[in-house]
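Engineer:
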Amino acid sequence: HAIEYVVNKEETRRREERPGRETNTRELPLPEVEVNKDDNLNPRYTFESFVIGPFNELAHAAAQAVIKKPGIMYNPLFIYGSTGHGKTHLIQAIGNHIKATSPGKKVYYMTSEQFGQDCMNALQHQKMNVFKEKYRKYDVLIVDDIQFFSDKQKFQEELFHLFNTLYDNNRQIIFSSDKHPHFITGLEDRLKSRLSAGMIVDIPPPDKESRIAIIAAKSVQQGVALSPEIIDYLAHSINGNIRELEGAVNSLLCQFELKGKEISMTDVRNYIKNNIKPKRIVAVKDVVRIISDFYNIKEESIYEKTRHKEVIRPRQIIMYILREDFNISYPSIGQKLGGRDHTTVIHSCEKIKNDIKLDQTLVDEVGQIRNLITV
140 HAIEYVVNKE
150 ETRRREERPG
160 RETNTRELPL
170 PEVEVNKDDN
180 LNPRYTFESF
190 VIGPFNELAH
200 AAAQAVIKKP
210 GIMYNPLFIY
220 GSTGHGKTHL
230 IQAIGNHIKA
240 TSPGKKVYYM
250 TSEQFGQDCM
260 NALQHQKMNV
270 FKEKYRKYDV
280 LIVDDIQFFS
290 DKQKFQEELF
300 HLFNTLYDNN
310 RQIIFSSDKH
320 PHFITGLEDR
330 LKSRLSAGMI
340 VDIPPPDKES
350 RIAIIAAKSV
360 QQGVALSPEI
370 IDYLAHSING
380 NIRELEGAVN
390 SLLCQFELKG
400 KEISMTDVRN
410 YIKNNIKPKR
420 IVAVKDVVRI
430 ISDFYNIKEE
440 SIYEKTRHKE
450 VIRPRQIIMY
460 ILREDFNISY
470 PSIGQKLGGR
480 DHTTVIHSCE
490 KIKNDIKLDQ
500 TLVDEVGQIR
510 NLITV
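Just so we're aligned, residue 140 is where the sequence shown starts under the working numbering, counting upward by one.
1) Compare the beta carbon distance of residue 249 and residue 282 with 8 angstroms and say whether it is the shorter of the two.
2) Taking only three categories from DSSP, how would you classify residue 464?
3) Once the 5 residues before and after residue 246 are set aside, which same chain residues still bring their CB inside 6 angstroms of it?
4) Have a look at 451, 422 and 206 and flag the residue whose alpha-carbon is nearest the alpha-carbon of residue 487.
5) Let me check understanding here. Comparing Cα to Cα, which of 219, 373, 251 and 206 lies closest to residue 507?
6) Quick check on the burial criterion: 16 or more other C-beta atoms within 10 angstroms. Buried or exposed for residue 496?
7) Could you spell out where the alpha helix (DSSP H) holding residue 390 opens and where it closes?
8) Let me know if residue 318 comes out buried or exposed under the rule of 16 or more other beta-carbons within 10 Å of its beta-carbon.
9) Going by the CB atoms, is the gap between residue 381 and residue 411 shorter than 8 angstroms?
10) Pairing CB atoms from the stretch 348-364 with CB atoms from the stretch 386-393, are three or more of them under 8 angstroms?
11) When the cut-off is 8 angstroms and only beta carbons count, does residue 313 lie next to chain D?
12) For the stretch 220-308, list the beta strand (DSSP E) runs that are entirely contained and at least 3 residues long, ordered along the chain.
13) Run the CB neighbour count on residue 375, radius 10 Å, all protein chains shown included, and call it buried at 16 or more, exposed below.
14) Which residues in the same chain have their Cβ closer than 8 angstroms to the Cβ of residue 351, if we skip the five residues on either side of it in sequence?
15) Can we say the stretch 395-403 touches the stretch 439-451, given the rule of at least three CB pairs closer than 8 angstroms?
16) Along the alpha helix (DSSP H) that carries residue 360, what are the first and last residues, could you check?
17) Three-state secondary structure (DSSP) at residue 322?
18) Do the stretch 201-212 and the stretch 259-274 touch if we need at least three Cβ pairs shorter than 8 angstroms?
19) How many Å lie between residue 253 and residue 301 at the Cα?
20) Residues bridged to residue 315 by DSSP?
21) Measuring only the C-alpha atoms, how far is residue 159 from residue 398?
22) For residue 358, I'd like the list of residues in its chain whose CB is within less than 6 angstroms of its CB, leaving aside the five on either flank, ordered along the chain.
23) Relative to the ligand NAD, is the shortest distance from any of its heavy atoms to the C-beta of residue 294 smaller than 7 angstroms?
24) Nearest by alpha-carbon distance to residue 383: which of 293, 272, 331 and 345 is it?
25) Would you give the residue range spanned by the beta strand (DSSP E) that residue 340 belongs to?
26) Using a 10 Å radius around the Cβ and a threshold of 16 neighbouring Cβ atoms, would you call residue 211 buried or exposed?
27) Where does residue 191 sit, in a helix, a strand or coil, going by DSSP?
28) Can you name the start and end residues of the alpha helix (DSSP H) that residue 186 belongs to?
29) Can you tell me where the alpha helix (DSSP H) holding residue 473 begins and where it ends?
30) Might you give, ordered along the chain, the residues of its own chain that have their beta carbon closer than 6 angstroms to the beta carbon of residue 255, omitting 5 neighbours on each side?
31) Does the distance from the C-beta atom of residue 430 to that of residue 459 stay below 8 angstroms?
32) Roughly how many angstroms lie between the CA atoms of residue 427 and residue 509, to the nearest whole one?
33) Taking Cβ positions, are residue 310 and residue 274 nearer each other than 8 angstroms?
34) So is residue 407 buried or exposed if we call it buried at 16+ other beta carbons inside 10 Å?
35) At what residue ranges does the stretch 425-460 contain a whole run of the alpha helix (DSSP H), taking only runs of 4 or more?
36) Indicate the three-state DSSP secondary structure (helix, strand or coil) for residue 404 in the structure shown.
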C-alpha cells in the first residue's frame with residue numbers, strides 16, 4: 140500500500156522565513172486554535188492533515204463516502220479502536236468538511252460526557268424539552284467515546300430516542316468508541332442494534348510504514364526535516380498510538396528550538412530511553428486472562444477438560460493468538476493450557492484461521508482481543 144501525507148506548505152514557508160534563533164529560551168511556537176462554539180469542531184482536524192496508511196484506509200474510505208452522501212451512505216457510521224489511533228481526528232474531519240462544503244447544514248460534535256452532562260443539567264432544571272429540541276435540529280451529529288454510556292440507563296434512553304428521530308429524518312449520525320458496539324458492556328441491546336445498523340469500521344494500531352509517514356509529515360509540518368535514520372528509529376521504537384508518535388516529534392523539535400542544533404541519534408535514543416516504556420512481554424497467563432474476561436468466562440475453565448460450547452471457542456482463540464502472534468510452539472501451547480496434545484492445538488489454530496475467512500464477527504473479536512493484549 141502507498142502511504143499518503145499532506146504537508147501544510149504555507150506553515151513550512153513561514154517557519155523557514157522566521158528570524159534566527161538568537162535566544163535559547165523560546166518554546167516551539169504552536170498556532171492558537173479556537174474550537175467553534177456553534178459546532179464544537181476543532182478546525183485543525185481536517186482530511187488534509189490526516190495521514191492515510193494501510194491501518195486506517197478503510198475508515199478513511201468510509202468517511203469519504205459519508206461526506207459525499209451524508210444521511211444516506213453509511214448511516215450511522217461507527218468507528219472504533221484504541222486511544223490515540225486517530226478516531227477523533229477523522230470524525231471531526233467529516234464534520235469540518237460538510238460544514239465547509241454545505242454551509243446550510245447544521246453540524247455538531249460532542250463527547251459522550253458532554254451529552255451526559257447536558258442531560259443531567261436538563262433533568263435537574265426540568266428542561267428536558269429544551270434538551271431534546273437542541274439535538275434534534277442537527278443535520279450531522281457526531282458523538283465521541285460512546286462507551287461512556289455504559290450502565291447509564293437514562294443517557295442511553297435519551298440517545299436511543301434522539302437516534303430514532305435523526306435517523307428517520309435522514310440526518311447523518313457518527314459515533315466513535317474504544318470497542319465494537321457488541322462488546323460495550325452495560326449497553327442496552329436495542330441501542331447496540333441501532334449503533335450496528337450502518338457501517339462499523341475498526342482503526343487498528345498503525346503499522347511501521349504508516350508510523351514512518353506520520354513522523355515525517357509531523358516533522359515537515361513543523362518546518363524541520365528529520366533524517367530517514369531518525370524517522371525509522373522512532374517508528375521502530377514507538378509502536379503505540381499516534382499521540383505518542385506526535386508527542387515524541389514535538390518534544391524533539393522543542394529541543395531543536397531551544398538548543399539551536401541539529402537533532403542527533405543520541406538525542407533520539409535518550410528521548411526513547413527516558414520517555415517510552417519498553418515493549419511489554421506478555422505471558423501466556425495474561426493472554427488467558429484477557430480473553431477469558433473478554434468472553435466473560437472463568438480463567439480456570441480454559442485449563443480444564445470441559446467441552447462446553449462457551450469455553451471451546453475462547454480456548455481455540457487463545458491457542459491461535461499464542462501461535463500466530465507470539466510464535467509459541469504447538470506442544471508448548473498444549474502443555475501450558477492444561478497438558479493438551481499438540482494435535483489438538485494444531486486443529487484449533489487451523490479452525491480459527493479458516494473461520495476468520497468467513498466470519499466477520501470473529502474478525503472483529505480477534506481484532507479487539509489483539510488491541511487489549513497490546514495496550
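Idealized CB from N, CA, C, for every residue including glycine.
Structural biologist: On the basis of the supplied data:
1) Mapped onto the sequence shown, residue 249 falls at position 110. Mapped onto the sequence shown, residue 282 falls at position 143. Yes. Within cutoff.
2) Along the sequence shown, read from residue 1 onward, the residue named residue 464 stands at position 325. In this structure, residue 464 counts as helix in the three-state DSSP scheme.
3) Position 107 of the sequence shown holds residue 246. Excluding sequence neighbours, residue 246 sits near 178, 234, 237, 238 and 279.
4) Counting from 1 along the sequence shown, the entry for residue 487 is found at position 348. The shortest Cα separation from residue 487 among 451, 422 and 206 belongs to 451.
5) In the sequence shown, residue 507 corresponds to position 368, counting from 1. Nearest of 219, 373, 251 and 206 to residue 507, Cα basis: 219.
6) For the purposes of this step, residue 496 is identified with residue 357 of the sequence shown, where counting begins at 1. In summary, residue 496 is exposed, with fewer than 16 beta-carbon neighbours lying within 10 Å of its beta-carbon over all protein chains present.
7) As a first step, residue 390 must be located in the sequence shown, where it is residue number 251. Per DSSP, residue 390 belongs to the alpha helix (DSSP H) from 381-398.
8) Sequence index remark: in the sequence shown, residue 318 carries index 179 (1-based). Answer is buried; the Cβ neighbour count reaches 16.
9) Indexing the sequence shown from 1 puts residue 411 at position 272. Indexing the sequence shown from 1 puts residue 381 at position 242. Not closer than 8 angstroms, so no.
10) yes
11) This model lacks chain D altogether; it includes just one protein chain.
12) 246-250 and 279-283
13) One-based indexing of the sequence shown puts residue 375 at position 236. Looking at its Cβ environment, which holds fewer than 16 other Cβ atoms inside 10 Å, residue 375 is exposed.
14) For the purposes of this step, residue 351 is taken as residue 212 along the sequence shown, with counting starting at 1. Closer than 8 angstroms at the Cβ level, and outside the excluded window around residue 351, lie 142, 370, 371 and 374.
15) no
16) Here residue 360 corresponds to residue number 221 of the sequence shown, with the count starting at 1. Element bounds for residue 360: 347-360.
17) Working through the sequence shown from its first residue, we reach residue 322 at position 183. Helix, per DSSP.
18) no
19) Locating residue 253 in the sequence shown gives position 114, counting from the first residue. Locating residue 301 in the sequence shown gives position 162, counting from the first residue. Spanning the two alpha carbons is a distance of roughly 15 angstroms.
20) Position 176 of the sequence shown, counted from the start, is the residue given in the question as residue 315. Answer by DSSP bridge pairing, in chain order: 218.
21) Working through the sequence shown from its first residue, we reach residue 159 at position 20. Working through the sequence shown from its first residue, we reach residue 398 at position 259. With a pLDDT of 36 at residue 159, under the threshold of 50, the predicted position of this residue should be treated as unreliable, though the coordinate-derived value follows. In a straight line, the C-alpha of residue 159 is about 12 angstroms away from that of residue 398.
22) Looking up residue 358 in the sequence shown gives position 219. Correct list, in chain order: 365 and 388.
23) In the structure shown, the ligand NAD is absent, as is every other ligand, since no ligand is present at all.
24) As a first step, residue 383 must be located in the sequence shown, where it is residue number 244. It is 345.
25) Here residue 340 is taken as the residue at index 201 of the sequence shown, counted from 1. That run of the beta strand (DSSP E) goes 338-341.
26) Within the sequence shown, the letter at position 72 stands for residue 211. Answer is exposed; the Cβ neighbour count stays below 16.
27) Taking the first residue of the sequence shown as position 1, residue 191 is located at position 52. If DSSP states are grouped into helix, strand and coil, residue 191 belongs with the strands.
28) The count along the sequence shown starts at 1 and reaches residue 186 at position 47. No alpha helix (DSSP H) contains residue 186, which DSSP labels as neither H nor E.
29) Here residue 473 corresponds to residue number 334 of the sequence shown, with the count starting at 1. Looking at the DSSP string, the run of the alpha helix (DSSP H) that includes residue 473 is 469-475.
30) Walking along the sequence shown from the start, residue 255 turns up at place 116. These residues qualify, in order along the chain: 294.
31) What you label residue 430 is simply residue 291 of the sequence shown in a count that begins at 1. What you label residue 459 is simply residue 320 of the sequence shown in a count that begins at 1. Cβ distance not < 8 angstroms, so residue 430 and residue 459 don't count as in contact.
32) Numbered from its first residue, the sequence shown carries residue 427 at position 288. Numbered from its first residue, the sequence shown carries residue 509 at position 370. Approximately 12 angstroms, taken between the alpha carbons.
33) If you number the sequence shown from 1, residue 310 lands on position 171. If you number the sequence shown from 1, residue 274 lands on position 135. With contacts defined by Cβ atoms closer than 8 angstroms, residue 310 and residue 274 do not form a contacting pair.
34) Numbered from 1 along the sequence shown, position 268 holds the residue referred to as residue 407. Buried, by the Cβ-count rule.
35) 438-442
36) Walking along the sequence shown from the start, residue 404 turns up at place 265. Note: residue 404 maps to helix in three-state DSSP.
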